[in-house]
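Undergrad:
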Amino acid sequence: MILMTPSFRSRVLALCATIAVAFGAVGCSSTDSSNDALRVSASFYPIAWLTEQIGGDKVTVSSVTPFNVEPHDYELSPADVTALSKADLIVYVAGFQPSMDDAVAQLGGPAVSELSEAADLQKASSAAAESDDSASEANLDPHFWLDPVRMQAVAEEIQRSLAEQDPDNAAYYQQNLATLQEKLSSLDSSYATGLANCERNTIVTSHAAFSYMADRYGLNQVSISGIDPESEPSPADLAAVKKAVEETGTTTIFTETLVSPKTAEALAAETGAQTAVLDPMESQPEKNDYLGAMTSNLDALRTALSCQ
180 MILMTPSFRS
190 RVLALCATIA
200 VAFGAVGCSS
210 TDSSNDALRV
220 SASFYPIAWL
230 TEQIGGDKVT
240 VSSVTPFNVE
250 PHDYELSPAD
260 VTALSKADLI
270 VYVAGFQPSM
280 DDAVAQLGGP
290 AVSELSEAAD
300 LQKASSAAAE
310 SDDSASEANL
320 DPHFWLDPVR
330 MQAVAEEIQR
340 SLAEQDPDNA
350 AYYQQNLATL
360 QEKLSSLDSS
370 YATGLANCER
380 NTIVTSHAAF
390 SYMADRYGLN
400 QVSISGIDPE
410 SEPSPADLAA
420 VKKAVEETGT
430 TTIFTETLVS
440 PKTAEALAAE
450 TGAQTAVLDP
460 MESQPEKNDY
470 LGAMTSNLDA
480 LRTALSCQ
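Every position in the sequence shown, counted from 1, becomes a number in the numbering used here once 179 is added.
1. Could you name the residues of the same chain whose beta carbon sits closer than 7 Å to that of valine 328, not counting the 5 residues immediately before and after it, in chain order?
2. Taking a contact to mean a Cβ-Cβ separation below 8 Å, would you say threonine 442 touches lysine 421 in this structure?
3. So for threonine 244, helix, strand or coil by DSSP?
4. Return the chain-ordered list of same chain residues with a C-beta closer than 7 Å to the C-beta of valine 291, the five sequence neighbours on each side being excluded.
5. Excluding five sequence neighbours on each side, which residues of the same chain lie with their C-beta closer than 6 Å to the C-beta of threonine 430?
6. Could you spell out the range, first to last residue, of the alpha helix (DSSP H) harbouring tyrosine 469?
7. Pull up the CB-CB distance for asparagine 348 and glutamine 487, whole angstroms please, since I reckon it's below 8 Å.
8. Looking only at its chain, what residues have a beta carbon closer than 8 Å to the beta carbon of aspartate 236, apart from the 5 residues adjacent to it on each side?
9. Please name the residue or residues paired with serine 404 in a DSSP beta bridge.
10. Can you tell me where the beta strand (DSSP E) holding leucine 268 begins and where it ends?
11. What's the C-alpha gap between glutamate 425 and histidine 322?
12. Whole angstroms are fine: how far does the CA of threonine 261 sit from the CA of asparagine 476?
13. What is the DSSP secondary structure of arginine 218, counted as helix, strand or coil?
14. Under the DSSP definition of a beta bridge, which residues are partnered with phenylalanine 433?
15. Given tryptophan 324, which residues of its chain have a CB within under 7 Å of its CB, disregarding the five upstream and five downstream residues?
16. Grab me the residues of threonine 454's own chain with a C-beta within less than 8 Å of its C-beta, minus the 5 sequence neighbours each way, in chain order.
17. Run through DSSP, which three-state label would leucine 319 get?
18. Could one say the Cβ of alanine 447 lies closer than 8 Å to chain E's Cβ atoms, at least one of them?
19. Whole beta strand (DSSP E) runs in the stretch 250-297 with 3 or more residues, listed along the chain?
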C-alpha cells in the first residue's frame with residue numbers, strides 16, 4: 180500500500196495534467212521527416228555532454244534542465260514533458276530529479292537509458308544524508324560525473340543505448356566512444372598525478388558533490404550542505420565544518436557557480452580562509468565544456484592543497 184503525502188499527491192496530479200497537455204501537443208504537431216538524427220533528451224548537462232560526444236552528428240541532444248539552472252529540484256514544465264514524449268531516447272539518472280523520475284514513469288513511450296547502475300552510485304555519507312531532507316530514499320549520491328572513471332563506465336552504457344536504438348550507426352558510436360574514453364582516461368591520469376603530492380588532503384565544499392572524486396584521488400571532503408545544495412546546514416553542521424577547517428589547516432573554502440556563496444564566505448571570514456570556485460558542473464559551464472571545467476577544478480584543487 181502506498182501512502183501519498185499532500186505534496187506528493189499534488190505533484191503527481193500536476194504531472195498528469197502536464198503529460199495530458201504534452202500528448203495533446205504531440206498529437207497536433209507535425210514532425211520533420213527529413214531529419215533522421217536520433218532525438219535524445221538528457222536530464223542535465225554532464226549526461227547531455229557525454230551523449231553529444233558519442234552521438235556526434237547522428238544525434239540531436241537536448242538537455243531537460245535549462246542552462247544555468249540548479250538541477251536537483253528542477254520541476255519539469257509542460258514544454259519539457261512534450262520534448263520528452265517526442266524523444267527517441269531518454270537518458271537520465273533515477274533518484275536525482277524527482278520531477279524527471281515522475282515524468283519518465285508516466286510517459287512510458289520513448290526508450291529509456293537509466294544510468295545509476297552503470298555509474299555505480301553509492302550511499303551518501305551519513306553526515307551528508309542526515310543534513311539533507313531532500314535526499315532520495317536510498318540516500319544515493321548522484322554526482323558520478325566528477326569522477327572521470329565513472330564517466331567512462333556511463334559513456335559505455337550510453338553508447339550501448341544509442342547503438343540499440345540506431346544499429347545502422349553502431350560502429351560510428353563505438354568509434355566516438357573510443358575517442359572519448361582516451362580523453363577521460365587522460366583526465367583521470369592528470370588528476371591522479373596532479374593530486375599525488377599535496378601538503379593537505381581535506382577539501383571544504385559548499386555541498387557534498389565531490390565524494391566520488393575525493394575517494395578516487397585520496398582526498399577527504401567536508402561539506403557545508405548535504406547532497407542537495409539548497410539544503411540548509413544546521414548550527415551544529417556549521418560548527419563541525421568550522422572545527423574541521425581549523426583542525427586540518429584548511430586555507431581555502433570552495434564555493435560554487437549556481438549556489439549563493441554567502442555561507443561559505445562567512446565561514447571563511449571566521450576561520451581566516453580564502454574562497455575559490457570548485458564547479459560541481461550541474462549546469463553547462465559558461466566558458467568551458469566538461470573537460471575544460473574539470474581541468475580548471477584540478478588547478479583550483481592543486482592551489483588550495485599546495486600540491487607539488
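Don't be surprised by glycine CBs; every beta carbon is placed ideally from N, CA and C.
Remember, it's a predicted structure, so these values are computed and weren't measured experimentally.
TA: Straight from the coordinates:
1. Asp367 and Arg395
2. no
3. coil
4. Ile269 and Val283
5. Ala452
6. 469-483
7. The pair is not a contact, with the Cβ atoms about 46 Å apart (cut-off 8 Å).
8. Ala216
9. His386
10. 268-271
11. 27 Å
12. 35 Å
13. strand
14. Ala455
15. Pro225, Met330 and Met460
16. Thr431, Ile432, Phe433, Thr434, Pro440, Ala443, Glu444 and Ala447
17. strand
18. Checking the listed chains, one finds no chain E in this structure; it contains a single protein chain.
19. 268-271 and 290-293
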